[in-house]
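K.L.:
Number of protein chains: 2
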Amino acid sequence: MREGVGATAPAGRPGRGRRPGARESILDAIRASEPLSRVELAKITGLTEAAVSMTVRRLLEEGLVVETGRTPTGGKPRTLLQLDPNARLSVGVHLDEDATTYVLTGQTGGVISRLARPAPLGDDPDAILRALAADIDTLLAGSGVDPARCLGVGIVWPGPHSGGLPADETLPHLRGLRGDELGSRLSEATGWPVLVENDATAAAVGEYWVARVGPDQAFAALYMGGGIGAGIVVEGRAMRGSHASAGEFGHLCLEVFGPECWCGSRGCLEVLAGPRMVVTAARDDRVAAAEAGLDLTQPLRSVTSDFGAVARAARAGAPHCRALLESSARYVAAAAESVVNLLDIDLVVLTGPGFAAASAIYGPAITRRLAAADARTWHRNVTVTVSLAAATASATGAAALVLQSHLRA
Amino acid sequence: MREGVGATAPAGRPGRGRRPGARESILDAIRASEPLSRVELAKITGLTEAAVSMTVRRLLEEGLVVETGRTPTGGKPRTLLQLDPNARLSVGVHLDEDATTYVLTGQTGGVISRLARPAPLGDDPDAILRALAADIDTLLAGSGVDPARCLGVGIVWPGPHSGGLPADETLPHLRGLRGDELGSRLSEATGWPVLVENDATAAAVGEYWVARVGPDQAFAALYMGGGIGAGIVVEGRAMRGSHASAGEFGHLCLEVFGPECWCGSRGCLEVLAGPRMVVTAARDDRVAAAEAGLDLTQPLRSVTSDFGAVARAARAGAPHCRALLESSARYVAAAAESVVNLLDIDLVVLTGPGFAAASAIYGPAITRRLAAADARTWHRNVTVTVSLAAATASATGAAALVLQSHLRA
DNA sequence: TAGCATTCTTAAGCAACTGAACGAAGTCCG
DNA sequence: CGGACTTCGTTCAGTTGCTTAAGAATGCTA
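Residue numbers (the UniProt record's numbering), protein chains in the order written: chain A, 1 to 409; chain B, 1 to 409.
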């Protein structure tokens, strides 16, 4: 159960050759900093120019890479290489409490087409799996692409220990299914290799891929959806921990004797300042609830969408909503600082629907919190950014997982 | 500046061959679970039996590995292989505010001989470096070993951002020296490759080595000396972060609006419950100070030794000292839980002089804190142990760094 | 058009690893 | 006591992936 979560059905050439290899290094280098010439690749990867040349030829023949233009030099101009975005495809699925989102991405992580369904997809696991497989087929068929180019499917779901909610509060119809079971059954149903991941790690990998993060950067993606999690990528590898449940950012302790959390501990970020708490606080505060237009006659349905409403209100200037978010942000910022200090991270990316809605408050709060100690002590210059497609980060991230897995083979 | 801190002087064959390689995998497998036979090695490493056979022959010829006995099977008995402890040597140095400790270890991390000097070794960097070089020579000469077998020197020092103390409060005579400068100059002075590391990471690597931690375990070594730090080893690799300052466990935030820390932030573990704070609190409490026999007429000299006095008093039953440590332990436990949750760690080792003295209090506190959420939610079964040689972990860890670097080449 | 700088390719060689057959060293059983 | 059986380890030929070294391509400049 190491090496990523989930199941890979027909994938993975077994013994055959497959050493760490030039091929992977070259593809990764191009991904991170295309366009590149062969000599530049040789410098970056440490390979010989000869080796690069041969490997690149094979990549060109396979169509994974294309030559695009040339730059003048003192002598023979360099021919620049880029990934062919359409040479490889991959499908990402985000199974959420509110909706199910599908994206089809190319090799560079760019979205080719997408599809959304209101949740739930069915009443029992079998029905859901059938619906998933059918939707994936629809997506591929409707995009007019060659399915043979599809590498596989990545799926993100609020499975056991994901995103900071107790497992049995989300997706009741899939209750009791383990991640690897979901993977293998979906793989059976679709015929593609399937990778299963949690939202935060997937979003991190997606960001790593799409935002061209270099393998030398240690970076963390903070993901806010129905809960808060972190995806951590160091040296180009996602940290998943011993039982594939790393990144429980929401269960960093910020108050040793704080209120009890559903996880069983005390003072977790989740229970002090998680989105669920923000929404609950907004519902308890008549003014805030009115500002955000929350319907108090109904029981709380979707943390994500209610949080979005609070964030919209705050952006529009509503003082109570803004205060709630500012307060939450101070806790999140302190937790982010802890992660940065613990892992010496130099890039923090905010992503997920929560931060998509409220990054204007959380981003500066984190930057501010980091600034003091950074100036006095660490001199690290941490970058805090917002993902370009924060709202759909999980789905594109799920797709990127599949791409990523083809560089580590 | 990636790939470990510090300087390696004559080391590292550049391009030549040196792929990740069978040799390293095999040595690491034997390290982690010796004794092993060739077939077992093939299974563990995934290499062919043929490849194992050839590689092992070379290792036998070089004397790195020896055959030790055989186990009966259904057919031909297996011949067991072990590392020859004396085939390779390495020197570890721990430069501390109180003393300088040297150890000479064999290939398995066992200490062959040791040497201690009261600090300081001199009044300026040059004198200190000369003294270090001379002591290392003395250690090697006095141990009657072949210096040619020595792989190099590892050195741990409270350099910039180490152990949780402001850089300019420790080792005033080396003030202003950067880690890599210390490394290259010591390498020049001794003629050996030198690796520089912080106390916690070194201790973690040492523990990884000596305690035969497998590369599949994610583990963290919490180190308490003059401050608190953490060394984190995942997939057999120490996490050093982007600027080699990962592991700042002492600057996890446990109180968002807590007291200001010297680092510039607020509510850090260090300032709430670090050893310096324990000692300060003990000096402020007449009863506790008396229990521990602290000399209040003198200004605070060594955090480490005063903390040791408090811990001894607590072990002897002194209630005030015990209360101080219990209180500190609750904070440390919460921080440990944060790390475990964030990185999905399944082995926590307490080490360093601080925990050596007070593990009886901190160990159970951590176990207790982890238990609640583990039972309710994570079901991880984290092991919390105390290093066997916690008091000298840094020095042996420094030596292990050098050994370790020969498996990653 | 010759010279030059640089990029990329080709050809020969080496080292590591795989696959498959073979030798070695025991147990078990008639 | 000898032969079948089992499991461990080795040998040998073949493949792969890279390196080194030399050479071809391509454009600029004089």
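Virtual Cβ for every residue (Gly too), placed ideally from N, Cα, C.
Just to confirm the assignment: which complete alpha helix (DSSP H) runs, minimum length 4, are found wholly within the segment 196-228 of chain A?
P.N.:
199-210
K.L.:
So if I threshold CB-CB distances at 9 Å, which residues from the segment 237-256 of chain B count as touching chain A?
P.N.:
Arg237, Met239, Arg240, Gly241, Ser242, His243, Ala244, Ser245, Ala246, Gly247, Glu248, Phe249, Gly250, His251, Leu252, Cys253, Leu254, Glu255, Val256
K.L.:
Skipping 5 residues on each side, what residues in its chain have a beta carbon closer than 7 Å to that of His320/B?
P.N.:
Asp285, Val287, Ala288, Glu291
K.L.:
What residues from the segment 334-348 of chain B come within 8 Å of chain A, judged by C-beta to C-beta, listed N to C?
P.N.:
Ala334, Ala335, Glu337, Ser338, Val339, Asn341, Leu342, Leu343, Asp344, Ile345, Asp346
K.L.:
Classify Ala148/A: buried if its beta carbon has 16 or more other beta carbons within 10 angstroms, exposed otherwise.
P.N.:
exposed
K.L.:
Looking only at its own chain, which residues have a Cβ that is under 8 Å from the Cβ of Asp28/B, when we skip the five neighbours before and after it?
P.N.:
Pro215, Gly236, Leu407
K.L.:
Strictly by DSSP, which residues pair up with residue 495/B?
P.N.:
This structure leaves residue 495/B out entirely; chain B is present only between 1 and 409.
K.L.:
I need the straight-line Cα distance from Leu342/B to Ser302/A, nearest angstrom please.
P.N.:
26 Å
K.L.:
How would you write the range of the beta strand (DSSP E) that Arg117/B sits in, first residue to last?
P.N.:
111-118
K.L.:
Is the beta carbon of Gly231/A less than 8 Å from the beta carbon of Thr201/A?
P.N.:
yes
K.L.:
Pull up the distance between the alpha-carbon of Glu326/B and that of Ala336/B, whole angstroms please.
P.N.:
A straight-line Cα-Cα distance of about 15 Å links Glu326/B and Ala336/B.
K.L.:
Consult DSSP for Thr396/B and reduce its assignment to one of helix, strand or coil.
P.N.:
Here Thr396/B sits in helix by DSSP.
K.L.:
DSSP on His94/B, reduced to helix/strand/coil?
P.N.:
strand
K.L.:
Give the interface partners of Val234/A over in chain B, defined as CB-CB distance under 8 Å, in chain order.
P.N.:
Under the 8 Å cutoff, chain B gives Met239, Gly241.
K.L.:
Is there at least one Cβ from chain A nearer than 8 Å to Trp378/B's Cβ?
P.N.:
yes
K.L.:
Does DSSP put Arg178/B in a helix, a strand or coil?
P.N.:
coil
K.L.:
Give the straight-line distance between the Cα atoms of Ala334/B and Ala395/A, rounded to the nearest whole angstrom.
P.N.:
33 Å
K.L.:
By the DSSP assignment, the beta strand (DSSP E) with Gly152/B in it spans what residues?
P.N.:
150-156
K.L.:
Examine chain B for any beta-carbon lying closer than 8 Å to the beta-carbon of Pro35/A, and answer yes or no.
P.N.:
No, its Cβ sits nowhere closer than 8 Å to a Cβ of chain B.
K.L.:
So Ala244/A and Arg312/A are in contact, right, with Cβ under 8 Å, and what is the actual spacing, rounded?
P.N.:
At roughly 35 Å, the Cβ-Cβ gap does not stay under 8 Å, so Ala244/A and Arg312/A are not in contact.
K.L.:
Ordered along the chain, which non-local residues of its own chain (more than five positions away) have a Cβ less than 6 Å from that of Arg23/B?
P.N.:
Thr55
K.L.:
Buried or exposed: Gly46/A, going by 16 or more other Cβ atoms within 10 Å of its Cβ?
P.N.:
exposed
K.L.:
Checking contacts by CB at 8 Å: is Ala373/B closer than that to chain A?
P.N.:
yes
K.L.:
With a cut-off of 8 Å, do at least 3 Cβ pairs link the segment 25-42 of chain B to the segment 56-72 of chain B?
P.N.:
yes
K.L.:
Looking at Val234/A: is its Cβ nearer than 8 Å to the Cβ of Met224/B?
P.N.:
No, they are not a contact pair.
K.L.:
For chain B, find out if any of its Cβ atoms is closer than 8 Å to the Cβ of Ala365/A; answer yes or no.
P.N.:
no
K.L.:
Tell me which same chain residues have a C-beta within less than 7 Å of the C-beta of Arg2/A, skipping the five on either side of it?
P.N.:
The predicted model places Arg2/A with a pLDDT of 29, which falls under 50 and marks its position as unreliable; any figure quoted below should be read in that light. No residues qualify anywhere along the chain.
K.L.:
Within this structure, are the beta carbons of Leu182/A and Leu350/A separated by less than 8 Å?
P.N.:
no
K.L.:
By DSSP's criteria, Ala99/B is part of a beta bridge. Which residues make up the other side?
P.N.:
Pro118/B
K.L.:
Using the beta-carbon of each residue, which ones in chain B are nearer than 7 Å to Cys263/A?
P.N.:
Ala373, Arg376, Thr377
K.L.:
Along the chain, where does the alpha helix (DSSP H) containing Leu342/B start, and where does it finish?
P.N.:
319-343
K.L.:
Considering only the beta carbon of each residue, do Val210/B and Ala391/B sit closer than 8 Å?
P.N.:
no
K.L.:
Report the CB separation of Phe307/B from Gly354/B in whole angstroms; it is logged as a contact under 8 Å.
P.N.:
6 Å
K.L.:
Ordered along the chain, which non-local residues of its own chain (more than five positions away) have a Cβ less than 7 Å from that of Gln404/B?
P.N.:
Val205, Trp209
K.L.:
Tell me whether the segment 245-265 of chain B and the segment 49-63 of chain B touch, counting them as touching only if at least three CB pairs, one residue from each stretch, are closer than 8 Å.
P.N.:
no
K.L.:
Mind checking if Tyr102/A is an interface residue toward chain B, Cβ cutoff 8 Å exclusive?
P.N.:
no
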